[in-house]
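Residue numbers (UniProt numbering): 1 to 184. Glycine is no exception: its CB is placed at the ideal position from the N, C-alpha and C atoms. Computed from a predicted structure; not experimentally measured. All remarks here apply to the structure that follows.
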(Lines of atoms letter the chains of each structure in order from A; the text may use other names.)
(Lines give C-alpha, C1' and ligand atoms only; values in the text may rest on other atoms or scores of the structure.)
Protein backbone atom coordinates (compact mmCIF):
# COMPACT_ATOMS: atom_id res chain seq x y z
CA UNK A 1 0.00 0.00 0.00
CA UNK A 2 2.86 2.36 0.83
CA UNK A 3 4.42 1.67 -2.58
CA UNK A 4 1.21 2.81 -4.28
CA UNK A 5 1.22 6.09 -2.35
CA UNK A 6 4.86 6.64 -3.31
CA UNK A 7 4.05 6.15 -6.99
CA UNK A 8 1.17 8.65 -6.84
CA UNK A 9 3.33 11.16 -4.93
CA UNK A 10 6.16 10.78 -7.45
CA UNK A 11 3.78 11.38 -10.37
CA UNK A 12 2.32 14.42 -8.59
CA UNK A 13 5.79 15.89 -7.97
CA UNK A 14 6.81 15.38 -11.61
CA UNK A 15 3.65 17.13 -12.80
CA UNK A 16 4.08 20.01 -10.35
CA UNK A 17 7.67 20.41 -11.58
CA UNK A 18 6.43 20.59 -15.17
CA UNK A 19 3.94 23.31 -14.24
CA UNK A 20 6.65 25.31 -12.43
CA UNK A 21 8.81 25.04 -15.54
CA UNK A 22 5.91 26.37 -17.63
CA UNK A 23 5.56 29.36 -15.30
CA UNK A 24 9.29 30.05 -15.63
CA UNK A 25 9.09 29.79 -19.42
CA UNK A 26 6.13 32.21 -19.46
CA UNK A 27 8.14 34.76 -17.45
CA UNK A 28 10.67 34.91 -20.28
CA UNK A 29 7.95 35.64 -22.85
CA UNK A 30 7.36 39.35 -22.67
CA UNK A 31 3.90 40.82 -22.70
CA UNK A 32 4.44 44.48 -23.55
CA UNK A 33 6.06 45.77 -20.36
CA UNK A 34 9.75 45.74 -19.58
CA UNK A 35 10.70 43.24 -16.87
CA UNK A 36 13.95 42.09 -15.29
CA UNK A 37 12.88 38.51 -15.99
CA UNK A 38 13.41 39.18 -19.72
CA UNK A 39 17.18 39.15 -19.20
CA UNK A 40 17.44 36.74 -16.26
CA UNK A 41 18.76 33.90 -18.41
CA UNK A 42 21.48 35.97 -20.13
CA UNK A 43 24.91 34.51 -19.42
CA UNK A 44 27.89 36.92 -19.54
CA UNK A 45 31.43 35.76 -20.28
CA UNK A 46 33.04 37.32 -17.19
CA UNK A 47 36.71 36.61 -16.53
CA UNK A 48 36.51 33.52 -18.70
CA UNK A 49 33.50 31.98 -16.96
CA UNK A 50 29.84 32.13 -18.02
CA UNK A 51 28.10 34.09 -15.27
CA UNK A 52 24.41 35.03 -14.90
CA UNK A 53 23.79 38.71 -15.68
CA UNK A 54 22.34 39.43 -12.25
CA UNK A 55 25.67 38.38 -10.67
CA UNK A 56 27.73 40.96 -12.59
CA UNK A 57 25.29 43.87 -12.69
CA UNK A 58 22.28 45.49 -11.09
CA UNK A 59 19.25 45.04 -13.37
CA UNK A 60 16.32 47.41 -12.90
CA UNK A 61 13.25 48.69 -14.73
CA UNK A 62 13.06 52.51 -14.45
CA UNK A 63 9.90 52.67 -16.60
CA UNK A 64 7.56 50.41 -18.55
CA UNK A 65 9.68 50.42 -21.72
CA UNK A 66 13.27 50.46 -20.40
CA UNK A 67 15.60 48.00 -18.72
CA UNK A 68 18.67 49.51 -17.05
CA UNK A 69 21.76 47.40 -16.41
CA UNK A 70 24.46 48.87 -14.17
CA UNK A 71 27.59 46.68 -14.03
CA UNK A 72 29.48 46.54 -10.75
CA UNK A 73 32.71 46.49 -12.77
CA UNK A 74 32.92 48.94 -15.70
CA UNK A 75 35.13 46.54 -17.66
CA UNK A 76 32.11 44.22 -17.89
CA UNK A 77 30.11 46.60 -20.11
CA UNK A 78 31.46 45.11 -23.36
CA UNK A 79 30.89 41.46 -22.40
CA UNK A 80 27.38 42.30 -21.12
CA UNK A 81 26.46 44.02 -24.40
CA UNK A 82 27.85 41.09 -26.36
CA UNK A 83 25.87 38.59 -24.24
CA UNK A 84 22.63 40.54 -24.76
CA UNK A 85 23.16 40.69 -28.52
CA UNK A 86 24.01 36.96 -28.67
CA UNK A 87 20.96 36.02 -26.56
CA UNK A 88 18.57 36.78 -29.47
CA UNK A 89 16.22 38.76 -27.25
CA UNK A 90 15.73 41.37 -29.96
CA UNK A 91 17.19 44.25 -27.93
CA UNK A 92 19.81 46.72 -29.16
CA UNK A 93 21.84 47.68 -26.08
CA UNK A 94 23.21 51.21 -25.78
CA UNK A 95 25.64 52.36 -23.13
CA UNK A 96 26.77 55.68 -21.69
CA UNK A 97 30.01 54.41 -20.17
CA UNK A 98 28.38 53.47 -16.87
CA UNK A 99 25.01 51.88 -17.67
CA UNK A 100 23.55 49.76 -20.44
CA UNK A 101 20.07 50.78 -21.51
CA UNK A 102 17.71 48.39 -23.27
CA UNK A 103 14.71 50.03 -24.89
CA UNK A 104 11.85 47.58 -25.10
CA UNK A 105 9.98 48.37 -28.32
CA UNK A 106 6.19 48.19 -28.29
CA UNK A 107 4.88 44.89 -29.59
CA UNK A 108 3.46 44.76 -33.09
CA UNK A 109 0.41 42.63 -33.83
CA UNK A 110 2.59 40.14 -35.71
CA UNK A 111 5.05 39.89 -32.80
CA UNK A 112 2.16 39.38 -30.36
CA UNK A 113 0.92 36.47 -32.46
CA UNK A 114 4.44 34.98 -32.54
CA UNK A 115 4.71 35.27 -28.76
CA UNK A 116 1.27 33.68 -28.33
CA UNK A 117 2.41 30.84 -30.61
CA UNK A 118 5.59 30.47 -28.54
CA UNK A 119 3.51 30.31 -25.34
CA UNK A 120 1.29 27.65 -26.92
CA UNK A 121 4.39 25.61 -27.86
CA UNK A 122 5.70 25.80 -24.28
CA UNK A 123 2.29 24.66 -23.03
CA UNK A 124 2.23 21.68 -25.40
CA UNK A 125 5.74 20.68 -24.27
CA UNK A 126 4.58 20.84 -20.65
CA UNK A 127 1.54 18.68 -21.43
CA UNK A 128 3.88 16.09 -22.95
CA UNK A 129 5.94 16.06 -19.75
CA UNK A 130 2.73 15.64 -17.70
CA UNK A 131 1.61 12.73 -19.87
CA UNK A 132 5.07 11.14 -19.65
CA UNK A 133 4.86 11.37 -15.85
CA UNK A 134 1.53 9.53 -16.07
CA UNK A 135 3.09 6.84 -18.29
CA UNK A 136 6.02 6.40 -15.90
CA UNK A 137 3.62 6.04 -12.96
CA UNK A 138 1.58 3.41 -14.79
CA UNK A 139 4.76 1.49 -15.68
CA UNK A 140 5.81 1.50 -12.02
CA UNK A 141 2.36 0.17 -11.10
CA UNK A 142 2.69 -2.73 -13.51
CA UNK A 143 6.03 -3.70 -11.95
CA UNK A 144 4.45 -4.26 -8.53
CA UNK A 145 3.65 -7.81 -7.50
CA UNK A 146 1.11 -9.00 -4.96
CA UNK A 147 -1.20 -5.99 -5.21
CA UNK A 148 -4.91 -6.54 -5.80
CA UNK A 149 -6.39 -5.50 -9.14
CA UNK A 150 -8.89 -3.21 -7.40
CA UNK A 151 -6.10 -1.23 -5.73
CA UNK A 152 -4.21 -0.96 -9.02
CA UNK A 153 -7.37 0.28 -10.79
CA UNK A 154 -7.95 2.87 -8.05
CA UNK A 155 -4.38 4.15 -8.33
CA UNK A 156 -4.64 4.27 -12.13
CA UNK A 157 -7.81 6.36 -11.75
CA UNK A 158 -6.04 8.68 -9.29
CA UNK A 159 -3.10 9.12 -11.68
CA UNK A 160 -5.51 9.90 -14.53
CA UNK A 161 -7.30 12.48 -12.35
CA UNK A 162 -3.94 14.11 -11.59
CA UNK A 163 -3.12 14.15 -15.30
CA UNK A 164 -6.44 15.78 -16.16
CA UNK A 165 -5.99 18.35 -13.40
CA UNK A 166 -2.50 19.36 -14.57
CA UNK A 167 -3.44 19.45 -18.26
CA UNK A 168 -6.33 21.77 -17.36
CA UNK A 169 -3.93 23.91 -15.29
CA UNK A 170 -1.62 24.17 -18.32
CA UNK A 171 -4.54 25.31 -20.48
CA UNK A 172 -5.60 27.85 -17.85
CA UNK A 173 -2.05 29.25 -17.64
CA UNK A 174 -1.97 29.51 -21.44
CA UNK A 175 -5.29 31.40 -21.59
CA UNK A 176 -4.03 33.89 -19.01
CA UNK A 177 -0.70 34.39 -20.79
CA UNK A 178 -2.34 34.76 -24.22
CA UNK A 179 -4.71 37.40 -22.83
CA UNK A 180 -1.71 39.20 -21.32
CA UNK A 181 0.22 39.05 -24.62
CA UNK A 182 -2.65 40.16 -26.85
CA UNK A 183 -3.67 43.03 -24.56
CA UNK A 184 -2.64 46.31 -26.23
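Do you know offhand how far residue i's Cα is from residue j's?
{"i": "residue 70", "j": "residue 80", "result": "10 Å"}
{"i": "residue 37", "j": "residue 46", "result": "20 Å"}
{"i": "residue 130", "j": "residue 151", "result": "22 Å"}
{"i": "residue 12", "j": "residue 97", "result": "50 Å"}
{"i": "residue 86", "j": "residue 112", "result": "22 Å"}
{"i": "residue 63", "j": "residue 132", "result": "42 Å"}
{"i": "residue 2", "j": "residue 175", "result": "38 Å"}
{"i": "residue 185", "j": "residue 33", "result": "With the chain covering 1 to 184 only, the question about residue 185 has no answer from this structure."}
Considering only C-alpha positions, which residue in the set the options is nearest to residue i?
{"i": "residue 88", "options": "22, 41, 107", "result": "41"}
{"i": "residue 29", "options": "101, 119, 50, 95", "result": "119"}
{"i": "residue 122", "options": "14, 25, 83, 16", "result": "25"}
{"i": "residue 186", "options": "182, 124, 51", "result": "The chain is shown from 1 up to 184; residue 186 falls before or after that span and cannot be answered."}
Look up residue i in the DSSP assignment and say whether it is helix, strand or coil.
{"i": "residue 95", "result": "strand"}
{"i": "residue 182", "result": "helix"}
{"i": "residue 89", "result": "coil"}
{"i": "residue 164", "result": "helix"}
What residue range is occupied by the uninterrupted alpha helix (DSSP H) comprising residue i?
{"i": "residue 132", "result": "109 to 143"}
{"i": "residue 10", "result": "2 to 28"}
{"i": "residue 83", "result": "77 to 86"}
Tell me, please, which residues DSSP counts as bridged to residue i.
{"i": "residue 36", "result": "DSSP output for residue 36 lists no bridge partner at all."}
{"i": "residue 58", "result": "70"}
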